[in-house]
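First comes the structure, then the notes that go with it.
2 protein chains.
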Amino acid sequence: MNAEIIAVGSELLLGQIANTNAQFISARLAESGVNVYYHCAVGDNEERLLETFSTAEKRSDLVIITGGLGPTKDDLTKETAAKHLGCSLSYDQESLKAIEQYFIQTGVPMTENNKKQALVLEDSTVFFNFHGMAPGMLKRHHNTTYLLLPGPPREMKPMLVDQVLPYLNDQKTDRSSIHSKVMRFFGIGEADLESRIEDILSEQTNPTIAPLAEDGEVTLRVTARSSDLKEAESLVNQMVTVIEDRVGDYCYGYDQNNLLQKIILLLEQKRLTIASAESLTGGLFSSEVASIPGASSYLLGGMTVYSNEAKQSVLGVPGDLLNQYGAVSRECAEKMADQIRTKYNSDIGISFTGVAGPGDYNGIPEGTVWIGIALKNGMNSSFNLMLKGDRNFKRIRAVKHGIYALIKLLEEETGPFVVKKD
Amino acid sequence: MNAEIIAVGSELLLGQIANTNAQFISARLAESGVNVYYHCAVGDNEERLLETFSTAEKRSDLVIITGGLGPTKDDLTKETAAKHLGCSLSYDQESLKAIEQYFIQTGVPMTENNKKQALVLEDSTVFFNFHGMAPGMLKRHHNTTYLLLPGPPREMKPMLVDQVLPYLNDQKTDRSSIHSKVMRFFGIGEADLESRIEDILSEQTNPTIAPLAEDGEVTLRVTARSSDLKEAESLVNQMVTVIEDRVGDYCYGYDQNNLLQKIILLLEQKRLTIASAESLTGGLFSSEVASIPGASSYLLGGMTVYSNEAKQSVLGVPGDLLNQYGAVSRECAEKMADQIRTKYNSDIGISFTGVAGPGDYNGIPEGTVWIGIALKNGMNSSFNLMLKGDRNFKRIRAVKHGIYALIKLLEEETGPFVVKKD
Chain A
131 MNAEIIAVGS ELLLGQIANT NAQFISARLA ESGVNVYYHC AVGDNEERLL ETFSTAEKRS
191 DLVIITGGLG PTKDDLTKET AAKHLGCSLS YDQESLKAIE QYFIQTGVPM TENNKKQALV
251 LEDSTVFFNF HGMAPGMLKR HHNTTYLLLP GPPREMKPML VDQVLPYLND QKTDRSSIHS
311 KVMRFFGIGE ADLESRIEDI LSEQTNPTIA PLAEDGEVTL RVTARSSDLK EAESLVNQMV
371 TVIEDRVGDY CYGYDQNNLL QKIILLLEQK RLTIASAESL TGGLFSSEVA SIPGASSYLL
431 GGMTVYSNEA KQSVLGVPGD LLNQYGAVSR ECAEKMADQI RTKYNSDIGI SFTGVAGPGD
491 YNGIPEGTVW IGIALKNGMN SSFNLMLKGD RNFKRIRAVK HGIYALIKLL EEETGPFVVK
551 KD
Chain B
131 MNAEIIAVGS ELLLGQIANT NAQFISARLA ESGVNVYYHC AVGDNEERLL ETFSTAEKRS
191 DLVIITGGLG PTKDDLTKET AAKHLGCSLS YDQESLKAIE QYFIQTGVPM TENNKKQALV
251 LEDSTVFFNF HGMAPGMLKR HHNTTYLLLP GPPREMKPML VDQVLPYLND QKTDRSSIHS
311 KVMRFFGIGE ADLESRIEDI LSEQTNPTIA PLAEDGEVTL RVTARSSDLK EAESLVNQMV
371 TVIEDRVGDY CYGYDQNNLL QKIILLLEQK RLTIASAESL TGGLFSSEVA SIPGASSYLL
431 GGMTVYSNEA KQSVLGVPGD LLNQYGAVSR ECAEKMADQI RTKYNSDIGI SFTGVAGPGD
491 YNGIPEGTVW IGIALKNGMN SSFNLMLKGD RNFKRIRAVK HGIYALIKLL EEETGPFVVK
551 KD
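Chains as they are written, first to last, in my numbering: chain A, 131 to 552; chain B, 131 to 552.
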């Protein structure tokens, strides 16, 4: 099956946003073994949309169209698709009800153009929008399948993953199987990782190995195809073992569980609570951990203490310590971790202090970071980093290093958090 | 002049990277008054590339092609363009010399395929690559101008800005100028905003008005063209005034300053400090504000207090209040704001408490949010929201509503923060 992705919206052609939808959809289709041969972006213009649909129909089996399903006048994807396909539009009752309900609940007056969002192509399969108003829809026409998805990524992504891909998979006649596994690495650069497995990377055709680097993390996606799913799984697992033998020390997890999900999982398994004291990171550790559903049972909370005054008066770091060692020091990081653990009465306290920049601070170079960890048993440790990059890059990296250190600590086979097996 | 941007590279179609080059080029062309009508992405495949060039030539005056100029076998943009245009390739001597020089300097042996990077289309205008090896080139063919640029953004961007755009500008016969201004709105939905200015939107051709909605914010980009820049500016300013008369209440800023930048700017102007107490938002307010350089002078810090225990023991919300009204209440929000302001001795305290979900909490519906604001003069106020969407969507929206409320408060002409003029 050959697919083509058409993004509709003048904001793309004006350069106001990047077409990240095409990237996300392409990656998911690649995992499902669907070839994507073309991406297009076109404005909210009927004539050019019709031309784009005609071109796509000639060369692609699956035409995926994102955007232009909204309530405003310049949203004309559905109307133009209906014209191209020679069909009418009708209201999807479930979506219409949800839209009306939303306006009743929020007390905002509903304008007439909001109803337009519930219109769908005649005889299409409708995908309810759980994160917005406009539903998605799929319609076959001659030998082409048209799939219309909402433009906002936070609506499109869950609809694609939770509804559309399972639907397409059910419809598949070609039963060749594909299996893939993502290996997640931290603490090693992409170039370094690749050079250590260069021979494997260049030899492999099945499974294939696709490296990807993002925000200091590197992933390897190992993908195998076979007529038999079990065989594909076995090919992937063998290759994962080979890679682990080389660079397993840096591999902290697999598949969907990134650093954040992994730490929540571990805290949950071991029933441990945590609190954070943040200077450099300004609440980013707390906010990132809190973004994971269920986090509030394990993350008791934390404090952002930028100034030395706040470190003293709010967190309780002694003024003498700050005078003697400074706020960016091993001593301060450890005391911050210890104080926050005591204040929140948590099992673990973690602290971040450093120089985000721009510029050095009191003779301490920009990029210096101290991370402290305190445990209920009195253990109190810390480590330091020297981070490069802009302000926010350093903050994100610091948080990831802190989480990675916690993961390592929680996974230790003889450390303080070993769960006794009966 | 109508332009089309073609990105060449299978990594785009596999979803390994997003087509940020198209965004960057589009934004620069929009500033120069060039209309971009299409973006395409196509793989490293001769047949599909030829088809894409033919389609582009029929509909666009300027065809910009990025990527596929590198040394490896799958880089075939130049070769395919030469085939399409019926011309040959020859070495650009300046580029060839620079490539040879690079390998001499680094001591790395030069492989034959590196020379391929210096090949350019016969009789084309060549742009030297100051940040990489493969030069860019521009060639006219019938009524179409072909522009080939390297794929890596750090090579493409400076070449476009420093060399190509000035070159195109010199060649321009149409001397029209373009000016645009972005108006930023919060607290009003896209549909509602558009319905209030529907007549203006549908009438306007110069200036044009382009709406864009993202994460609860709506922007309108007002763009005018004229033979005279002053005239274009005046057209934009007149239109901005007309729009302000209708929906100015929701407009909080212009151009680059989003909500976060605006609040920092206001705190800085009025020399006010702030601290946050976060339950629902888990440190997101603090972390977002801290992401702006210079924030640490105004954001003294904050506390994340998830549990009622932490709200009591760490923040100092009385247990009686929590028992009587619950943690998600006007009373709790106001007390949290007051306590955090006192603890950090800041000018302003802000608090966030609510039900992020999934699911209701103690009979309070998911999505209920209370935001409290406390000031040094004893003023203590709060407001509530009912937010939809997933957990993180609610958290982000809540933070934005809090910031928006602060902006309104700081901008009040007769409020507590009026700066006295001498």
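Glycine included, C-beta positions come from ideal geometry on N, C-alpha and C.
Original post:
Is B/Val238 close to chain A, meaning its C-beta is less than 7 Å from at least one C-beta of that chain?
Top reply: Taking the first residue of the second sequence as position 1, residue 238 of chain B is located at position 108. Interface annotation, B/Val238: not in contact with chain A, CB-CB separation never under 7 Å.
**OP:** Use the C-beta contact count for A/Val352: other C-beta atoms within 10 angstroms, 16 or more gives buried, fewer gives exposed.
**Re:** As a position in the first sequence, residue 352 of chain A is number 222, starting the count at 1. That one is buried.
**OP:** Classify A/Leu536 as helix, strand or coil using the three-state DSSP reduction.
**Re:** In the first sequence, counting from the first residue as 1, residue 536 of chain A sits at position 406. In the structure shown, the three-state DSSP call for A/Leu536 is helix.
**OP:** Give the interface partners of A/Cys170 over in chain B, defined as CB-CB distance under 7 Å, in chain order.
**Re:** Position 40 of the first sequence, counted from the start, is the residue given in the question as residue 170 of chain A. Near A/Cys170 (Cβ distances below 7 Å), the residues of chain B are Tyr168, His169 and Cys170.
Subject >> Pairwise C-alpha distance: B/Thr335 and B/Gln554 >> reply: Not covered by the structure: residue 554 of chain B. The range shown for chain B is 131 to 552.
Original post:
Is A/Glu328 buried or exposed, if buried means 16 or more other CB atoms sit within 10 Å of its CB?
Top reply: Numbered from 1 along the first sequence, position 198 holds the residue referred to as residue 328 of chain A. Burial call: exposed.
Original post:
Where do the ends of the alpha helix (DSSP H) carrying B/Met267 lie?
Top reply: Walking along the second sequence from the start, residue 267 of chain B turns up at place 137. Under the DSSP assignment, B/Met267 falls outside any alpha helix (DSSP H), being part of the beta strand (DSSP E) whose first and last residues are Gly266 to His271.
Original post:
Would you say B/Leu277 and B/Ile194 are within 7 Å of each other, going by their C-beta atoms?
Top reply: Working through the second sequence from its first residue, we reach residue 277 of chain B at position 147. Working through the second sequence from its first residue, we reach residue 194 of chain B at position 64. B/Ile194 sits close to B/Leu277, with the two beta carbons spaced by under 7 Å.
Original post:
What residues from the stretch 513-525 of chain B come within 8 Å of chain A, judged by C-beta to C-beta, listed N to C?
Top reply: Taking 8 Å as the Cβ-Cβ cut-off against chain A, the residues of the stretch 513-525 of chain B that qualify are Met516, Lys518, Gly519, Asp520, Arg521, Asn522, Phe523 and Arg525.
Original post:
Which parts of the stretch 344-378 of chain B are runs of the alpha helix (DSSP H), unbroken and 4 residues or longer, counting only runs that do not cross its ends?
Top reply: Counting only runs of 4 or more, we get 359-377.
Original post:
From the DSSP output, which residues share a beta bridge with A/Cys381?
Top reply: What you label residue 381 of chain A is simply residue 251 of the first sequence in a count that begins at 1. According to DSSP, which records beta bridges pairwise, A/Cys381 is partnered with A/Phe315.
Original post:
Opposite A/Met516 in the DSSP bridges: which residues?
Top reply: Walking along the first sequence from the start, residue 516 of chain A turns up at place 386. Its beta-bridge partners are A/Thr498.
**OP:** Taking B/Phe257 and B/Val312 to be in contact with their CB atoms under 8 Å, please state how far apart those CB atoms are, rounded to whole angstroms.
**Re:** In the second sequence, the residue the question calls residue 257 of chain B occupies position 127. In the second sequence, the residue the question calls residue 312 of chain B occupies position 182. In fact, because the Cβ distance is near 30 Å, the residues do not count as touching under 8 Å.
**OP:** Using a Cβ-Cβ cut-off of less than 8 Å, list which residues of the stretch 138-154 of chain B approach chain A; keep chain order.
**Re:** Answer set for the stretch 138-154 of chain B: Leu142, Leu143, Leu144, Gly145, Gln146, Ile147, Ala148, Asn149, Thr150, Ala152, Gln153 and Phe154.
**OP:** Decide if the stretch 239-255 of chain A is in contact with the stretch 204-218 of chain A; the criterion is three or more beta carbon pairs, one per stretch, under 8 Å apart.
**Re:** They touch, by the three-pair rule.
Subject >> Endpoints, beta strand (DSSP E) assigned at B/Tyr455 >> reply: For this step, residue 455 of chain B is matched to residue 325 along the second sequence. According to the DSSP assignment, B/Tyr455 belongs to no beta strand (DSSP E) but to the alpha helix (DSSP H) extending over Gly449 to Tyr455.
Subject >> Interface residues of the stretch 424-455 of chain B facing chain A [CB-CB below 7 Å] >> reply: Ser426, Leu429, Leu430, Gly431, Gly432, Met433, Thr434, Val435, Tyr436, Ser437, Ala440 and Val444: these are the residues of the stretch 424-455 of chain B whose beta carbon lies less than 7 Å from some beta carbon of chain A, given in chain order.
Subject >> Cutoff 7 Å: A/Pro261 Cβ touching any chain B Cβ >> reply: Within the first sequence, residue 261 of chain A is the residue found at index 131, counting from 1. Correcting the residue type first, residue 261 of chain A is His in the shown sequence and not Pro. Cβ-Cβ to chain B under 7 Å: yes for A/His261.
Original post:
Considering only residues of the stretch 453-491 of chain B, which uninterrupted beta strand (DSSP E) runs meet the minimum length of 3 residues and lie entirely inside it, listed in chain order?
Top reply: Correct list: 478-484.
Subject >> Neighbouring residues, chain A, relative to B/Thr483 (Cβ below 9 Å) >> reply: For this step, residue 483 of chain B is matched to residue 353 along the second sequence. Residues of chain A whose Cβ lies closer than 9 Å to the Cβ of B/Thr483 do not exist, since the nearest Cβ in that chain is about 12 Å away.
**OP:** Identify, in the order they occur along the chain, each residue of the same chain with its Cβ nearer than 7 Å to the Cβ of A/Thr483, setting aside the five sequence neighbours on each side.
**Re:** On the first sequence, position 353 is the one that residue 483 of chain A refers to. Hits under 7 Å: Ser409, Leu410, Ala457, Val458, Cys462, Ala463, Met466 and Trp500.
Original post:
Considering only C-alpha positions, which residue in the set A/Val377, A/Pro448, A/Ala486 and A/Tyr455 is nearest to A/Gln469?
Top reply: By one-based count along the first sequence, residue 469 of chain A stands at place 339. With distances taken between CA atoms, A/Gln469 lies nearest to A/Pro448 out of A/Val377, A/Pro448, A/Ala486 and A/Tyr455.
**OP:** Provide the residue(s) that pair with B/Thr196 in DSSP beta bridges, ordered along the chain.
**Re:** For this step, residue 196 of chain B is matched to residue 66 along the second sequence. Among the bridge pairs identified by DSSP, B/Thr196 is matched with B/Ala137 and B/Leu279.
Subject >> Cβ-based neighbour list, B/Asn244, same chain, cut-off 8 Å, excluding 5 preceding and 5 following >> reply: Taking the first residue of the second sequence as 1, we reach residue 244 of chain B at position 114. If we look at B/Asn244 and ignore the five residues flanking it on each side, its Cβ neighbours are Pro201, Ile229, Phe233 and Met263.
Subject >> Pairwise C-alpha distance: B/Leu215 and A/Leu215 >> reply: Counting from 1 along the first sequence, the entry for residue 215 of chain A is found at position 85. Counting from 1 along the second sequence, the entry for residue 215 of chain B is found at position 85. The alpha-carbon of A/Leu215 is positioned some 36 Å away from that of B/Leu215.
Original post:
Any idea if B/Asp477 is buried or exposed, counting beta-carbon neighbours within 10 angstroms, 16 or more meaning buried?
Top reply: Within the second sequence, numbered from 1, the residue matching residue 477 of chain B stands at position 347. B/Asp477 is buried by the Cβ-count criterion.
Subject >> Spatial distance of A/Gly521 from A/Cys381 (CA atoms) >> reply: Stepping through the first sequence from its first residue, residue 521 of chain A is reached at position 391. Stepping through the first sequence from its first residue, residue 381 of chain A is reached at position 251. The sequence given here has Arg at residue 521 of chain A, not Gly. It is roughly 27 Å from the alpha-carbon of A/Arg521 to the alpha-carbon of A/Cys381.
**OP:** Go to A/Leu445, then tell me how far its beta strand (DSSP E) extends in each direction, as first and last residue.
**Re:** Numbered from 1 along the first sequence, position 315 holds the residue referred to as residue 445 of chain A. Per DSSP, A/Leu445 belongs to no beta strand (DSSP E) and is neither H nor E.
**OP:** If I'm right that A/Ala420 touches A/Ser426 with Cβ under 8 Å, what's the distance once you round it to whole angstroms?
**Re:** Here residue 420 of chain A corresponds to residue number 290 of the first sequence, with the count starting at 1. Here residue 426 of chain A corresponds to residue number 296 of the first sequence, with the count starting at 1. Between A/Ala420 and A/Ser426 a beta carbon distance of about 7 Å is seen, short of the 8 Å cut, so the two are scored as contacting.
**OP:** Count the other C-beta atoms from every protein chain shown that fall within 10 angstroms of the C-beta of A/Asn507, then say buried if there are 16 or more, exposed otherwise.
**Re:** Against the first sequence, residue 507 of chain A aligns to sequence position 377. So A/Asn507 counts as exposed.
Subject >> For A/Thr411, the three-state DSSP class (helix, strand or coil) >> reply: Walking along the first sequence from the start, residue 411 of chain A turns up at place 281. The answer is coil: DSSP assigns A/Thr411 none of H, G, I, E or B.
Subject >> Proximity test, Cβ basis, 7 Å: B/Leu342 and chain A >> reply: Along the second sequence, one-based indexing puts residue 342 of chain B at 212. Flagged as an interface residue toward chain A: B/Leu342, by a C-beta distance shorter than 7 Å.
Subject >> CB contact below 7 Å: A/Thr202 versus chain B >> reply: Against the first sequence, residue 202 of chain A aligns to sequence position 72. Closer than 7 Å: yes.
Subject >> The alpha helix (DSSP H) enclosing B/Asn244, as first and last residue numbers >> reply: Counted from its first residue, the second sequence places residue 244 of chain B at position 114. Taken as a continuous stretch (DSSP letters only), the alpha helix (DSSP H) holding B/Asn244 covers Glu242 to Lys245.
**OP:** Excluding the 5 residues preceding and the 5 following A/Lys550 in the sequence, name in chain order all residues of the same chain whose CB lies nearer than 7 Å to its CB.
**Re:** Against the first sequence, residue 550 of chain A aligns to sequence position 420. Note that A/Lys550 has pLDDT 49, beneath the 50 cutoff, so the model's placement of it is unreliable and the number below is only indicative. Answer for A/Lys550: no residue qualifies.
Subject >> Endpoints, the alpha helix (DSSP H) within which A/Tyr232 is located >> reply: Locating residue 232 of chain A in the first sequence gives position 102, where the first residue counts as 1. A/Tyr232 -> alpha helix (DSSP H) spans Gln223 to Thr236.
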